[in-house]
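So the sequence shown is residues 1 to 522, counted in UniProt numbering.
Notes follow the structure.
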Amino acid sequence: MLSKTDHMGVILQPGIKLPPIRRKVYMRDQRAHRKRDLYIALAKENWDDVIQETDVDEAVGRLENTILGHLDSCMPLKTVRMSSRDPGWMTPLVRSMIPAKSRISLSNQDRLKVMNKRISEAIFGNRRDFIASIGTRDWWKKSDKTSQRRKPVISLSLGHYELNALNDYFGDLCTDHAYIKPTPLEISEDQEVPEISERQVLNSLMRIKKTATGSDGIPYTIWKDHAELFFPVITRIWNLSLRTYAWPVSWKKSDLNPSPKVDLPKGISDFRGINVTPVIARCFEKAVLGTQARETFNEHSGTSQFAYIEGGSCTNALLTIQHTVNQYLDIPECKAVRLFAMDFSKAFDSVKHDLLSHKLKQLPLNPYIVNWYLSFLEDRQQRVIRNGFIGKWKSVNKGTTQGSVSGPHLFNVFLSDLEIHLDNKSVLVKYADDTTIISPVIGDNDNSIALINQFSQWSRSNGMCSNPSKCKEIIFRKKGCTIEFPMVSGIPQTKELTILGSYNAKKEINQVQSEERDKSPS
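If you want it as structure tokens, here you go:
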């Protein structure tokens, strides 16, 4: 460390220079006059053919083709080459402005000043945002990679061959070869048809936050900046979809961005696919969730679930685990508490639609909404996109579309009947697919085998795969307890256990016990 001043520094010995990874980035020309031309073109457009359409796929197709036509005319795509060696503040916008500046004549000083100012402001903002977004862990991670301070093992590089393999892998992962098509609910004639008002649609469009563009190629700014032009058309399409409980085919398509599950992935199984659906589809999901389904989902997710529900959080889940363990340890007859962190393999991608359909139909939801969600799940398509690679479309019929708005809530519905009780008390804590079982050893009674068997039985009945080798057990013993507990179902035991990515169970619970002992009279 350098310490001659009040500033701290780190000296790193550079390693072998890594080859750069170059990629093409496509961006729209978003200069002010281009945006103005687009607004005028959209404002002059007659949307009657979309509004009067009775088929939701035809309506969405005409809407998208019209928007993309005006986009290509008023804000054409530009190609920018980026490199992994680019500094953090180098964005596609800055990269595109640098050659534009070099084309300006030296005699045109006024224009040069304007361009220099734009570039400086963009770089300044990018530097500020880059520093604000990176934490200590990310800084060291990037430093280690740049300097090769820690020699990495051979990791999987993502060339076209590997990306093709990932495209096939993700497609197979979400394919149910014994697929049973869910049957929609029969709807009586007097059943109320759900609707979303124009005001709700306008608010939804105006509140869209910066987000990735989906397979339709329409960026979020188009919907947000032109909300007052689009809301009558979108209201018609959304309500047509609800009334016919049919999801537009175009909105069922997802671009997959492979994300590594470990720091140094060695194979395709070390990646997960995050779905990027069209922006307007995510907006639609949020509107329906907020007006038609959220309250029901919250009430029927089960008492042990802490993810994707109102008032639920990772912190509450961790506090519940800690509180339950300490409650049992306070019982005089309790000798130890066995805590099992269970692992579902590919949980979100393993949900069978026929089983989910059965559970969804048990909820007190409007039948139109139930059938609408079944249509959301049916006949979806996905493809891998990365660094200029575009995979072939793969049809999928399993899973809850990780990365969508509805997916996590549908996954909660699927897990809602997974409950484990001991003496009428819940000993299960769920945070999405992270599941923890708490088994006290009171006297000579150790119910660990029975509790794990309950979990395994539910997993088998619901087509979920639980990998015992990836599950972990940690034992909290009372002072003086030296009993050696046998492994349960091959689940390995460990002295320290990290739960939900950040909570060291052994350290935290031991600290609480130590504080309680210090408070008690000697």
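Think of the CB as a built atom: it goes at the ideal place given N, C-alpha and C, for glycine as much as any other residue.
Classification of residue i by the beta-carbon crowding that lies within 10 angstroms, buried from 16 upward
i           : result
residue 124 : exposed
residue 114 : exposed
residue 26  : exposed
residue 262 : exposed
residue 423 : exposed
residue 33  : exposed
residue 464 : buried
residue 77  : exposed
residue 454 : buried
residue 253 : buried
residue 258 : buried
residue 311 : exposed
residue 235 : buried
residue 59  : buried
residue 404 : buried
residue 108 : exposed
residue 91  : buried
Neighbourhood of residue i by C-beta distance below 7 Å, restricted to the same chain and skipping five residues each side
i           : result
residue 370 : 185, 360, 361
residue 204 : 283, 286, 287
From the options, residue whose alpha carbon lies closest to that of residue i
i           : options            : result
residue 233 : 47, 420, 475       : 47
residue 176 : 202, 492, 476, 379 : 379
residue 40  : 71, 386, 347       : 71
residue 193 : 132, 242, 404, 487 : 242
residue 334 : 293, 443, 325, 227 : 443
residue 29  : 219, 348, 341      : 219
residue 251 : 164, 61, 425, 212  : 61
residue 67  : 163, 189, 207, 223 : 223
residue 189 : 345, 53, 367, 272  : 367
residue 353 : 411, 345, 299, 308 : 411
residue 435 : 446, 272, 456      : 456
residue 375 : 165, 159, 161, 183 : 183
Spatial neighbours of residue i in its chain, beta-carbon cut-off 8 Å, leaving aside the 5 residues before and after
i           : result
residue 86  : 95
residue 414 : 351, 355, 356, 359, 400, 462
residue 19  : none
residue 119 : 94, 97, 98, 101
residue 130 : 88, 89
residue 57  : 246, 248, 249, 250
Own chain partners of residue i with C-beta closer than 6 Å, once the 5 adjacent residues on each side are dropped
i           : result
residue 152 : Any reading at residue 152 must be qualified, since the residue scores a pLDDT of 48, below 50, and its modelled position is unreliable; the value itself is stated next. These residues qualify, in order along the chain: 264.
residue 297 : 409
residue 467 : 343, 345
residue 394 : 171, 382
Per DSSP, cross-strand counterpart(s) of residue i
i           : result
residue 253 : 381
residue 246 : Paired residues: none, contrary to the question.
residue 440 : 337
residue 28  : 77
residue 258 : 273
residue 445 : 442
residue 435 : 342, 430
residue 199 : The partner list for residue 199 (beta bridge, DSSP) is empty, contrary to what the question assumes.
residue 466 : 344
residue 359 : Per DSSP, none; premise fails for residue 359.
residue 104 : Paired residues: none, contrary to the question.
residue 475 : 338
residue 352 : 398
residue 23  : 82
residue 493 : 473
Notebook entry, point to check: Can you list the beta strand (DSSP E) stretches of 3 or more residues lying completely in the stretch 293-324, in chain order?
Noted result: Within the stretch 293-324, no complete beta strand (DSSP E) run reaches 3 residues.
Check: At which residue ranges does the stretch 30-96 contain complete alpha helix (DSSP H) runs of 4 or more residues, listed in the order of the chain?
Finding: Every alpha helix (DSSP H) stretch that sits fully inside the stretch 30-96 and reaches 4 residues is listed by chain position as 32-44, 48-51, 56-74.
Next item on the list: List in chain order: all unbroken alpha helix (DSSP H) runs of 4+ residues lying wholly within the stretch 375-431.
Entry: 406-415
Next item on the list: For the stretch 169-234, list the beta strand (DSSP E) runs that are entirely contained and at least 3 residues long, ordered along the chain.
Entry: none
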